[in-house]
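Trainee:
Numbering (the numbering used here), first residue to last: 52 to 317.
Below, the structure is given as structure tokens:
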């Protein structure tokens, strides 16, 4: 009762030939049914760039804006301000900040010399409630975190082209492209990969397999941990797996071993 409308657009696609995650596509329906919101109070117009690129972006938001405003000029000015705010947000993420530093105004974690590449859907890597504070736990073990939101999008897309047939799911492509970027560019600060996976996500299982194959193909010995998260995942078990993974990374760094298993799944 504290707001007149809820703005939950249906973000179908951000790239030509690709789709967003089904969980994002269905978000307006989930919100409507979960909270019993009247249809007229939920603004859920479609934004789809799959076929028309940036024109689909503008067209979608113009239609959404007409919910409140008739003047296209005013709608486009508002969209321009929103795009500037979004670009600022993306630039800050590339500096190493996390979504929660903006949304919840949490202080950033102290920088660490050694890094872990944390891969996964943003609703897993960027939500400390769902991932049980995994970034904080990794930081407490002496490692900083890099997510795919922190990498240059152009470079990530460049390395994605190495895949013969990329997925038509945008986030899956971002995960694979980021993994390949760090495999090829050999950042010495990155000591291991952690892939957060939603238990019921089909594309995630394929993405994990693809990353492991590329690690073996490149003859890399970088440690890789696949962590499945669902409603039954316990925090104690998560801590145990992270500690074991960090122990493995430390052993490999200290002994320069390349004959130890480079990946395992939990």
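Beta carbons: idealized from backbone N, C-alpha and C, even for Gly.
On a predicted model such as this, the values are computed, not experimentally measured, just so you know.
1. Could you tell me the alpha carbon to alpha carbon distance between residue 228 and residue 266, rounded to whole angstroms?
2. By alpha-carbon positions, which one of 297, 185, 215, 233 ends up nearest to residue 202?
3. Use the C-beta contact count for residue 120: other C-beta atoms within 10 angstroms, 16 or more gives buried, fewer gives exposed.
4. Spatial neighbours of residue 221 within its chain, please: CB distance less than 8 Å, with the 5 preceding and 5 following residues excluded, ordered by chain position.
5. Alpha carbon to alpha carbon, how far is residue 108 from residue 298? Give it in angstroms, no decimals.
6. What residue range does the alpha helix (DSSP H) around residue 143 cover?
7. Which partner residues of residue 61 appear in the DSSP bridge assignment?
8. DSSP has residue 70 in a bridge; who is on the other side?
9. Near residue 281, which residues of its chain fall below 8 Å by C-beta distance, leaving aside the five closest residues on each side in sequence?
10. Can you find the residues in the same chain that come closer than 6 Å, C-beta to C-beta, to residue 110, ignoring five residues on each side of it along the sequence?
11. Cβ of residue 175 within 7 Å of Cβ of residue 182?
12. Within the same chain, show all residues whose beta-carbon is closer than 7 Å to that of residue 214, passing over the 5 residues directly before and after it, in chain order.
13. I'd like the list of long-range same chain contacts for residue 125, defined as Cβ closer than 6 Å, with 5 residues on each side in sequence excluded.
14. Okay, do the segment 231-246 and the segment 81-98 touch, 3+ Cβ pairs below 8 Å being the bar?
15. Where residue 96 and residue 258 are concerned, what is the direct C-alpha to C-alpha distance, given to the nearest angstrom?
16. How should residue 225 be labelled, buried or exposed, when 16 other C-beta atoms within 10 angstroms of its C-beta is the threshold for buried?
17. If we call anything under 7 Å between Cβ atoms a contact, is residue 167 one with residue 186?
18. Quick one: Cα of residue 295 to Cα of residue 219, how far?
19. Taking only the alpha-carbon atoms, compute the straight-line gap between residue 277 and residue 132 and give it to the nearest angstrom.
20. From what residue to what residue does the alpha helix (DSSP H) around residue 166 run?
21. To the nearest angstrom, how far is it from the Cα of residue 261 to the Cα of residue 217?
22. Note down the Cα distance separating residue 164 from residue 237, rounded to an integer number of angstroms.
23. What do you get for residue 81, buried or exposed, if any count of 16 or more other CB atoms within 10 angstroms of its CB means buried?
24. Name, in chain order, the residues that DSSP records as bridge partners for residue 248.
25. Run the CB neighbour count on residue 230, radius 10 Å, all protein chains shown included, and call it buried at 16 or more, exposed below.
Mentor: Result, derived from the coordinates:
1. As a working mapping, residue 228 is identified with position 177 in the chain shown. As a working mapping, residue 266 is identified with position 215 in the chain shown. Straight through space, the alpha carbons of residue 266 and residue 228 are spaced by roughly 13 Å.
2. Start at 1 with the first residue of the chain shown, and residue 202 comes out as number 151. The option with the nearest alpha carbon to residue 202 is 233.
3. Residue 120 sits at position 69 when you count from the first residue of the chain shown. The residue is exposed, with fewer than 16 neighbouring Cβ atoms inside 10 Å.
4. Working through the chain shown from its first residue, we reach residue 221 at position 170. Residues 64, 65, 66, 69, 70, 71, 72 of the same chain have their beta carbon placed closer than 8 Å to that of residue 221, with the five preceding and five following residues left out of the count.
5. Here residue 298 refers to the residue found at position 247 when the chain shown is read from its first residue. Here residue 108 refers to the residue found at position 57 when the chain shown is read from its first residue. Whole-angstrom Cα-Cα distance: 46 Å.
6. Residue mapping note: residue 143 aligns to position 92 of the chain shown, counting from 1. Judged by DSSP secondary structure, residue 143 falls within the alpha helix (DSSP H) whose first and last residues are 123-145.
7. One-based indexing of the chain shown puts residue 61 at position 10. According to DSSP, residue 61 bridges with 97.
8. Taking the chain shown and counting its residues from 1, the one referred to as residue 70 is at position 19. DSSP, once it has assigned bridges, lists 220 as partnering residue 70.
9. Looking up residue 281 in the chain shown gives position 230. Within the same chain, Cβ atoms closer than 8 Å to the Cβ of residue 281 are found at 249, 250, 251, the five residues on either side in sequence being excluded.
10. Looking up residue 110 in the chain shown gives position 59. The answer is none, since no qualifying residue turns up.
11. Translated into positions along the chain shown, residue 175 becomes position 124. Translated into positions along the chain shown, residue 182 becomes position 131. Cβ distance < 7 Å, so residue 175 and residue 182 count as in contact.
12. One-based indexing of the chain shown puts residue 214 at position 163. So the list reads 227, once near-sequence residues are dropped.
13. The residue given as residue 125 occupies position 74 in the chain shown. Spatial neighbours of residue 125 in its own chain (CB-CB distance under 6 Å, excluding positions within 5 residues in sequence) are not present.
14. With a cut-off of 8 Å, the segment 81-98 and the segment 231-246 do not count as touching, because too few Cβ pairs lie within range.
15. Looking up residue 96 in the chain shown gives position 45. Looking up residue 258 in the chain shown gives position 207. Distance between the alpha carbons of residue 96 and residue 258: 30 Å.
16. In the chain shown, residue 225 corresponds to position 174, counting from 1. Residue 225 comes out buried.
17. Position 116 of the chain shown holds residue 167. Position 135 of the chain shown holds residue 186. For residue 167 and residue 186, no; Cβs fall outside 7 Å.
18. Your numbering for residue 295 matches position 244 in the chain shown. Your numbering for residue 219 matches position 168 in the chain shown. C-alpha of residue 295 to C-alpha of residue 219: approximately 34 Å in a straight line.
19. In the chain shown, counting from the first residue as 1, residue 277 sits at position 226. In the chain shown, counting from the first residue as 1, residue 132 sits at position 81. Going from the Cα of residue 277 to the Cα of residue 132 covers about 39 Å.
20. Numbered from its first residue, the chain shown carries residue 166 at position 115. Element bounds for residue 166: not the alpha helix (DSSP H) but the beta strand (DSSP E), 166-170.
21. Counted from its first residue, the chain shown places residue 261 at position 210. Counted from its first residue, the chain shown places residue 217 at position 166. Separation of residue 261 and residue 217 (C-alpha to C-alpha, rounded to the nearest whole angstrom) is 11 Å.
22. Indexing the chain shown from 1 puts residue 164 at position 113. Indexing the chain shown from 1 puts residue 237 at position 186. Note on geometry: alpha-carbon atoms of residue 164 and residue 237 lie some 15 Å from one another.
23. Locating residue 81 in the chain shown gives position 30, counting from the first residue. Per the 10 Å Cβ criterion, exposed.
24. For the purposes of this step, residue 248 is taken as residue 197 along the chain shown, with counting starting at 1. Paired residue(s): 279.
25. For the purposes of this step, residue 230 is identified with residue 179 of the chain shown, where counting begins at 1. Result: buried.
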